[in-house]
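Sequential numbering from 27 applies to the sequence shown in this note's numbering.
Here a beta-carbon is modelled for each residue, glycine too, at the ideal position from N, C-alpha and C.
Computed from a prediction, not measured in an experiment: that's the story for all the values here.
Below is one structure, written out as structure tokens; comments come after it.
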Amino acid sequence: MNAPHTPGPWRVVVNCNDYEVRPYLIYAGEVHVASIERDDEERCESNAALIRTAPAVLEALRLARSMLPDRPAHDPERSKLDIIDRAIEEATEGA
């Protein structure tokens, strides 16, 4: 898979139908990106917010990483950079 993610901004549309299995729908423009199935209401809202902000979070991580110098493997601060690198890699895996 070499396609980039759907560009943001993403938005959440709340489906108010009491019978709807997927009450939270995430869109990028008119493109349906994701759905969140009915669960605990607060958890659904939190998950929807996290998914909605994913493009902005990825961009912030890339910007932060570009501003941080590399550190040698034995440097104790290296583990913090590894966390950022892993998050970017996981978010763009296959892209």
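Give the DSSP bridge partners of residue i, in chain order.
i     : result
Ala54 : Val57
Cys62 : According to the sequence shown, residue 62 is Ile rather than Cys. DSSP lists Tyr50 as partners of Ile62.
To the nearest angstrom, how far is it from the Cα of residue i to the Cα of residue j?
i     : j      : result
Leu65 : His100 : Just to set this straight, residue 65 is Asp in the shown sequence, not Leu. Cα to Cα, Asp65 sits roughly 44 Å from His100.
Leu89 : Gly55  : 24 Å
Leu84 : Pro49  : 25 Å
What would DSSP say about residue i, mapped onto helix, strand or coil?
i      : result
Arg37  : strand
Arg97  : coil
Glu119 : coil
Pro81  : helix
How far does the alpha helix (DSSP H) with residue i in it extend, from its first residue to its last?
i     : result
Cys70 : Glu67 to Arg78
Thr32 : That residue, Thr32, is in no alpha helix (DSSP H); it is neither H nor E in DSSP.
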